[in-house]
Amino acid sequence: MAAPAEDPHVSSSGPRFGGDEVLRRCLSGAAIASVTEIEEANAKLFQDIRRTGVADWVESVRRHHDGTFQHCMLVNGLVAAFVDRLGFSRRDVARAMLAATLHDIGKAKIPVEILDSPLKLTPEEFAIVQRHPTAAIEMLAEGDPLDPAVLDAIEHHHEFLDGSGYPHGLSGPQVLDLTRLLTISDIFAALSERRSYKPPMAPAAAFRVLEDMGPKLDQALVKAFRPISEMLA
Numbered sequence: 052m053a054a055p056a057e058d059p060h061v062s063s064s065g066p067r068f069g070g071d072e073v074l075r076r077c078l079s080g081a082a083i084a085s086v087t088e089i090e091e092a093n094a095k096l097f098q099d100i101r102r103t104g105v106a107d108w109v110e111s112v113r114r115h116h117d118g119t120f121q122h123c124m125l126v127n128g129l130v131a132a133f134v135d136r137l138g139f140s141r142r143d144v145a146r147a148m149l150a151a152t153l154h155d156i157g158k159a160k161i162p163v164e165i166l167d168s169p170l171k172l173t174p175e176e177f178a179i180v181q182r183h184p185t186a187a188i189e190m191l192a193e194g195d196p197l198d199p200a201v202l203d204a205i206e207h208h209h210e211f212l213d214g215s216g217y218p219h220g221l222s223g224p225q226v227l228d229l230t231r232l233l234t235i236s237d238i239f240a241a242l243s244e245r246r247s248y249k250p251p252m253a254p255a256a257a258f259r260v261l262e263d264m265g266p267k268l269d270q271a272l273v274k275a276f277r278p279i280s281e282m283l284a
């Protein structure tokens, strides 16, 4: 994704918080969340990854660019806490976590030189980055079928409600709920991380960016995300 909404590359220096730290902080004050329930969802997540044959792709991301892998783990932690706080069922929590874990695996197809560039990407480089959601879907098609909602979230996590996102320029109701909350978590994570071209942003400042994005995001969900962002302060 480019700052703030479409920051295209991830620094190998990784996130400010790891996924486990996100879960620990969020669960420590959650009204609904149960550590046991999240652990069960995590167990199901990794069972699904093994069962569907995508474990090799997850590992390929880690080997190709650890910063992207760590970003996926951070988004996983944020999404898990977010959907649990929203009262999702265990099945839907697991589904959301799977989408979060896999959402950026298409970056395994992007040269590291682009992912770690400290400079503003050229139009040609950004066009390459914009292919990663489609690349992820192509990669996942080689394994067992995944839940359509999971695939939709992976393919469209850079779409915005006003139609200004990519890869398909979806708008309004075309952007499904799981995709909307993944997008919010992904943007917040990217802003909170140290990148090759920027220092990490404080959680409160990152949340203000979400608010300032206005009609691009589901602002009702952004408001619901506030407690998650505050637990990372």
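Each residue of the sequence shown is one higher than the one before, starting from 52 at the first, in my numbering.
By construction, the Cβ of each residue, glycine as well, lies at the ideal position given by its N, Cα and C atoms.
Where DSSP assigns a beta bridge to D213, which residues make up the other side?
-> Within the sequence shown, residue 213 is the residue found at index 162, counting from 1. Residue pairing by DSSP puts D213 in a beta bridge opposite S222.
Check whether A147 and V134 have beta carbons under 7 angstroms apart | One-based indexing of the sequence shown puts residue 147 at position 96. One-based indexing of the sequence shown puts residue 134 at position 83. The answer is yes: Cβ separation under 7 angstroms.
Do K267 and F211 have their C-beta atoms closer together than 7 angstroms?
-> The residue labelled residue 267 in the question sits at position 216 within the sequence shown. The residue labelled residue 211 in the question sits at position 160 within the sequence shown. Taking a C-beta distance under 7 angstroms as the contact criterion, K267 and F211 qualify as a contact pair.
How many angstroms separate the CA atom of F276 from the CA atom of S222?
-> The residue given as residue 276 occupies position 225 in the sequence shown. The residue given as residue 222 occupies position 171 in the sequence shown. Distance between F276 and S222, taken at the CA atoms: about 21 angstroms.
Candidates K160, S140, V180, H207: which alpha carbon is nearest H154's?
-> By one-based count along the sequence shown, residue 154 stands at place 103. Looking only at K160, S140, V180, H207, the smallest Cα-Cα distance to H154 is reached by H207.
Enumerate in chain order the residues of its own chain whose CB-to-CB distance from A187 is below 6 angstroms, with the five nearest sequence positions on each side excluded.
-> To locate residue 187, count along the sequence shown from 1; it is residue 136. Same-chain partners within the cutoff: I156, G157, I205.
Using beta-carbon positions only, say whether H115 and A159 come within less than 7 angstroms of one another.
-> Counting from one through the sequence shown, the residue named residue 115 turns up at place 64. Counting from one through the sequence shown, the residue named residue 159 turns up at place 108. Yes. Within cutoff.
Counting Cβ pairs, one atom from each stretch, are 3 or more of them under 8 angstroms apart for the segment 231 to 241 and the segment 121 to 134?
-> The segment 231 to 241, when compared against the segment 121 to 134, does touch it at the 8 angstroms Cβ threshold.
With DSSP collapsed to three states, give me the class of K249.
-> In the sequence shown, counting from the first residue as 1, residue 249 sits at position 198. Three-state result, K249: strand.
So, helix, strand or coil for L129, using DSSP?
-> Looking up residue 129 in the sequence shown gives position 78. Reduced to three states, the DSSP call for L129 is helix.
Under a three-way DSSP split, which group does T288 fall into?
-> In this structure the chain extends from 52 to 284, so residue 288 is not present and cannot be described.
Terminal residues of the alpha helix (DSSP H) in which H207 lies | On the sequence shown, residue 207 is found 156 positions in, with the first residue counted as 1. Annotation: the continuous alpha helix (DSSP H) that includes H207 extends over 199 to 207.
S236 and L170 look like a contact to me (Cβ under 8 angstroms); what is the Cβ gap, rounded to whole Å?
-> Start at 1 with the first residue of the sequence shown, and residue 236 comes out as number 185. Start at 1 with the first residue of the sequence shown, and residue 170 comes out as number 119. S236 to L170, Cβ: 27 angstroms. No contact.
For E175 and L229, the rounded distance between their alpha carbons | In the sequence shown, residue 229 corresponds to position 178, counting from 1. In the sequence shown, residue 175 corresponds to position 124, counting from 1. Those two C-alpha atoms are separated by around 30 angstroms.
What distance in whole Å lies between the Cβ atoms of I279 and R113, which are believed to be in contact at a cut-off of 8 angstroms?
-> Position 62 of the sequence shown holds residue 113. Position 228 of the sequence shown holds residue 279. That pair is no contact at about 25 angstroms.
Locate the alpha helix (DSSP H) running through F139, then write down its first and last residues.
-> If you number the sequence shown from 1, residue 139 lands on position 88. Looking at the DSSP string, F139 is not in any alpha helix (DSSP H), and its letter there is neither H nor E.
Boundaries of the alpha helix (DSSP H) in which I235 is found, first to last residue = What you label residue 235 is simply residue 184 of the sequence shown in a count that begins at 1. Going by DSSP, I235 is part of the alpha helix (DSSP H) stretching over 228 to 243.
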